[in-house]
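Residue numbers (the numbering used here), protein chains in the order written: chain A, 1 to 133; chain B, 134 to 266.
Since the structure comes first, as structure tokens, the remarks are kept for the end.
Protein chains: 2
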Amino acid sequence: MPLAPLKLSQSLEDYLEMVYMLRKENGIARVKDISTALAVKMPSVAKAVLELKKLGLVTQEPYAGVELSKDGEKLAHQILNRHLLLKLFLMKLGVSEATANKDACSMEHILSAETLSKIGIFVNEFRKKGSSK
Amino acid sequence: MPLAPLKLSQSLEDYLEMVYMLRKENGIARVKDISTALAVKMPSVAKAVLELKKLGLVTQEPYAGVELSKDGEKLAHQILNRHLLLKLFLMKLGVSEATANKDACSMEHILSAETLSKIGIFVNEFRKKGSSK
DNA sequence: TTCTTAAATTAGCCTTGACTAACATTTACC
DNA sequence: GGTAAATGTTAGTCAAGGCTAATTTAAGAA
Numbered sequence: 001m002p003l004a005p006l007k008l009s010q011s012l013e014d015y016l017e018m019v020y021m022l023r024k025e026n027g028i029a030r031v032k033d034i035s036t037a038l039a040v041k042m043p044s045v046a047k048a049v050l051e052l053k054k055l056g057l058v059t060q061e062p063y064a065g066v067e068l069s070k071d072g073e074k075l076a077h078q079i080l081n082r083h084l085l086l087k088l089f090l091m092k093l094g095v096s097e098a099t100a101n102k103d104a105c106s107m108e109h110i111l112s113a114e115t116l117s118k119i120g121i122f123v124n125e126f127r128k129k130g131s132s133k
Numbered sequence: 134m135p136l137a138p139l140k141l142s143q144s145l146e147d148y149l150e151m152v153y154m155l156r157k158e159n160g161i162a163r164v165k166d167i168s169t170a171l172a173v174k175m176p177s178v179a180k181a182v183l184e185l186k187k188l189g190l191v192t193q194e195p196y197a198g199v200e201l202s203k204d205g206e207k208l209a210h211q212i213l214n215r216h217l218l219l220k221l222f223l224m225k226l227g228v229s230e231a232t233a234n235k236d237a238c239s240m241e242h243i244l245s246a247e248t249l250s251k252i253g254i255f256v257n258e259f260r261k262k263g264s265s266k
């Protein structure tokens with residue numbers, strides 16, 4: 001159970017999440033694409049990938065794409081789910097998609113489990129009581 | 134109009150807000166009390182106060198309490214309002230007071246104006262439609 | 001008044017996470 | 001296959017924001 005005590009920094013969470021998303025979209029997560037997507041330079045990505053490797057969350061052959069380990073996959077999935085929940089939540093409140101996406105990105109790293117859980121409940125209630133969509 | 138373009142870091146916002154709160158509660162904001170309240174050491178407070186002085190948000194005589202400038206007062210007030218709005222919002226969702234307080238503290242530094250505005254609307258609607266309290 | 005203690009400050013260090021510049025490798029095109 | 005361009009890596013710098021240790025000032029007790 002190496003996942004329970006693992007607490008990533010905000011920025012590492014962002015990198016891990018982006019690896020996951022790029023692999024989902026493109027089948028591969030290249031340093032260049034990560035750097036573009038997160039608006040940082042390539043050396044910053046390289047450094048972050050090193051960290052994630054040390055933590056056993058990704059693997060990477062030099063000069064090749066970044067792969068997710070079993071643990072990395074699981075964790076990235078959790079993070080992405082949090083992101084999607086928060087984005088949906090904000091949009092229910094009437095926030096525009098672009099802003100919802102941006103703010104979800106910040107919120108996903110800082111909210112406590114309790115708050116996330118209550119937000120989940122709210123989103124579900126909202127769905128049931130049937131808004132327009 | 135020196136307030137419009139002024140964008141504090143998260144940590145400076147925390148310090149400024151705490152000065153405001155302590156002065157409200159105790160009449161004086163001492164370095165020691167700020168340090169205790171924010172769970173940092175006194176030298177960190179001293180450094181932050183220096184920054185806030187440079188920005189013209191606080192004044193301070195050596196070895197005395199921290200005072201707020203006109204601008205500092207206004208800004209601190211805004212930050213605290215954001216905090217209170219978010220705390221109330223989370224509690225409406227069913228989050229416990231302690232957690233609401235903690236998460237409001239993190240959220241208050243990162244949310245966009247649009248999201249804050251929508252949250253404000255939600256809280257008001259909620260009040261009208263009359264929940265239990 | 002003097003001495004002890006608490007509070008505040010200063011100096012200097014450390015980590016995180018970005019950056020640029022320089023170098024290495026791979027890819028792609030001729 | 002050889003070379004230009006794109007991609008990846010390494011080395012070293014910087015700023016923010018913490019910290020400890022050492023010093024200075026203020027305050028309170030003997």
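Even glycine gets a Cβ: it sits at the ideal position worked out from N, Cα and C.
Keep in mind that this is a model prediction, so the values were computed, not measured.
Scanning chain A for C-beta atoms nearer than 7 Å to the C-beta of V228 of chain B yields E114, T115 and K118, reported in chain order. The stretch 104 to 123 of chain A makes no contact with the stretch 156 to 166 of chain B; the number of CB pairs closer than 8 Å stays below 3.
Between M18 of chain A and chain B, the shortest Cβ-Cβ separation is not below 8 Å.
The bridge partners DSSP lists for A162 of chain B are B:V199. Between A197 of chain B and Y153 of chain B the beta-carbon gap is near 17 Å, outside 8 Å, which marks them as no contact. At least one CB of chain B lies nearer than 8 Å to the CB of I110 of chain A. Contact annotation: the stretch 234 to 241 of chain B touches the stretch 105 to 115 of chain A, with at least three C-beta pairs closer than 8 Å. A buried status is given to A100 of chain A, since no fewer than 16 other beta-carbon atoms sit within 10 Å of its beta-carbon. At least 8 Å separates the beta-carbon of G72 of chain A from that of L12 of chain A. For V173 of chain B, no alpha helix (DSSP H) encloses it, and the DSSP letter there is neither H nor E. Residue contact check for F126 of chain A against chain B: no CB pair falls below 8 Å. M18 of chain A places its beta carbon 8 Å or farther from that of L50 of chain A.
Beta-bridge pairing by DSSP links V191 of chain B to B:L201. It is roughly 14 Å from the alpha-carbon of D14 of chain A to the alpha-carbon of K74 of chain A. For a cut-off of 8 Å, the C-beta gap from M175 of chain B to K165 of chain B is around 6 Å, short enough to register as a contact.
Interface residue (Cβ-Cβ distance to chain A less than 8 Å): L219 of chain B is not classified as such. In the DSSP assignment, E230 of chain B falls within the alpha helix (DSSP H) that extends over E230 to M240. Using a Cβ-Cβ cut-off of 8 Å, S106 of chain A counts as an interface residue toward chain B, since at least one Cβ of chain B sits closer than that to its own. For L38 of chain A, not one C-beta of chain B is nearer than 8 Å to its own C-beta.
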